[in-house]
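Quick note: the sequence shown uses this note's numbering, first residue 62, plus one each step. What follows is a short report on a single structure.
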Amino acid sequence: MIRIFLKLMLFLACFNQPFSAIANETKIMIIGDSLSAGYGLKQDQDWVNLLQNKYVEKKKSILLINMSVSGQTTDNALLNIDAQLKAHQPSHVLIELGGNDGIRGFPIKLIRQHLTQLVTKSQNSGAKVALMEIQIPPNLGPRYTKMFTGNYQKVAEETGAYLMDYFMVPVAVDKTLMQNDNLHPNEKAQPLIRDFMEQQFESWIKES
Numbered sequence: 062m063i064r065i066f067l068k069l070m071l072f073l074a075c076f077n078q079p080f081s082a083i084a085n086e087t088k089i090m091i092i093g094d095s096l097s098a099g100y101g102l103k104q105d106q107d108w109v110n111l112l113q114n115k116y117v118e119k120k121k122s123i124l125l126i127n128m129s130v131s132g133q134t135t136d137n138a139l140l141n142i143d144a145q146l147k148a149h150q151p152s153h154v155l156i157e158l159g160g161n162d163g164i165r166g167f168p169i170k171l172i173r174q175h176l177t178q179l180v181t182k183s184q185n186s187g188a189k190v191a192l193m194e195i196q197i198p199p200n201l202g203p204r205y206t207k208m209f210t211g212n213y214q215k216v217a218e219e220t221g222a223y224l225m226d227y228f229m230v231p232v233a234v235d236k237t238l239m240q241n242d243n244l245h246p247n248e249k250a251q252p253l254i255r256d257f258m259e260q261q262f263e264s265w266i267k268e269s
C-alpha cells in the first residue's frame with residue numbers, strides 16, 4: 062500500500078508541475094497589422110519572434126501569440142477576435158491596429174467604435190488589454206491626423222485599457238531602419254523594436 066501511495070504521489074507531482082507552469086504563464090496575444098506580422102521579412106526576423114526567443118533565453122514564462130495580419134483593419138480584426146480569444150485564452154491582449162484604417166481615410170468615429178469593441182471583447186474574456194497609440198503620416202491633413210491619434214487616448218480613458226507607446230516613433234525617423242516603401246521597418250530595425258517592446262510589456266504587466 063505504501064508503494065502504491067508513493068507512486069500515486071509521484072504521478073500527481075509530475076502532472077501538477079507542468080499544469081501549474083501553464084496556469085501561471087503570461088500569454089500575450091498580439092492583434093496587429095503588417096508592422097507586427099513581419100511584412101517583407103523572413104518569418105524568424107520580426108520583432109515578435111525575436112522577443113519570444115529572448116524570453117526563452119531568460120527563462121521567462123511569457124508566451125507571445127501573434128495574430129497580426131498584413132493589411133488588417135479594425136473591422137477585419139472584429140470578424141476574428143471572438144474565435145481567437147476562445148482558442149488561445151490569453152491573459153493579456155495588445156491591440157496594434159488602426160494604421161490601415163487611417164491611411165485609407167476611414168471615419169474617425171468608426172475607427173474609435175471598432176477599437177472600443179476590440180478592447181471590450183478582450184476585457185470581457187478576462188484579459189488585460191493594452192492599446193498601442195498608432196500614428197499615421199499627415200497625408201490627410203493635420204485635423205484628421207490629430208483626431209485619429211486622439212482616438213486612442215479617448216478609448217483608453219473610456220475602457221481603462223493601458224495606453225502603450227507606438228514602437229514606430231523612434232524607427233520611422235531613420236531611413237536606414239525602413240524598407241524601400243518608407244512604411245515598414247526593415248530587418249535592422251527589428252531588434253530595436255524588440256527591446257522597445259520588452260520594456261513596454263514589462264511596464265504593462267507590472268501595472269496590470
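By construction, the Cβ of each residue, glycine as well, lies at the ideal position given by its N, Cα and C atoms.
- Under the three-pair Cβ rule at 8 Å, the region 150–166 counts as touching the region 177–186.
- With a 10 Å radius around the Cβ and a threshold of 16 neighbouring Cβ atoms, Asn161 comes out buried.
- Bounds of the beta strand (DSSP E) holding Val154 are 153–157.
- In the assembly as shown, Asn127 is a buried residue. Its beta-carbon has 16 or more other beta-carbons within 10 Å.
- Asp94 sits close to Ser131, with the two beta carbons spaced by under 8 Å.
- With fewer than three CB-CB distances shorter than 8 Å, the region 245–258 does not count as touching the region 211–224.
- Between the alpha carbons of Gly187 and Met239 lies a distance of about 36 Å.
- Taken through DSSP and simplified to helix, strand or coil, Met208 comes out as helix.
- Contact check for Thr206 and His175: beta-carbon distance about 18 Å, past the 8 Å limit, so the pair fails to qualify.
- Across the structure, Ala250 and Leu112 are spaced so that their CA atoms are roughly 13 Å apart.
- In this structure, Leu192 lies near Ala217, with their beta-carbon atoms less than 8 Å apart.
- With 16 or more other Cβ atoms inside 10 Å of its own Cβ, Asn212 counts as buried.
- One thing to note: Thr87 has its Cβ within 8 Å of the Cβ of Ile266.
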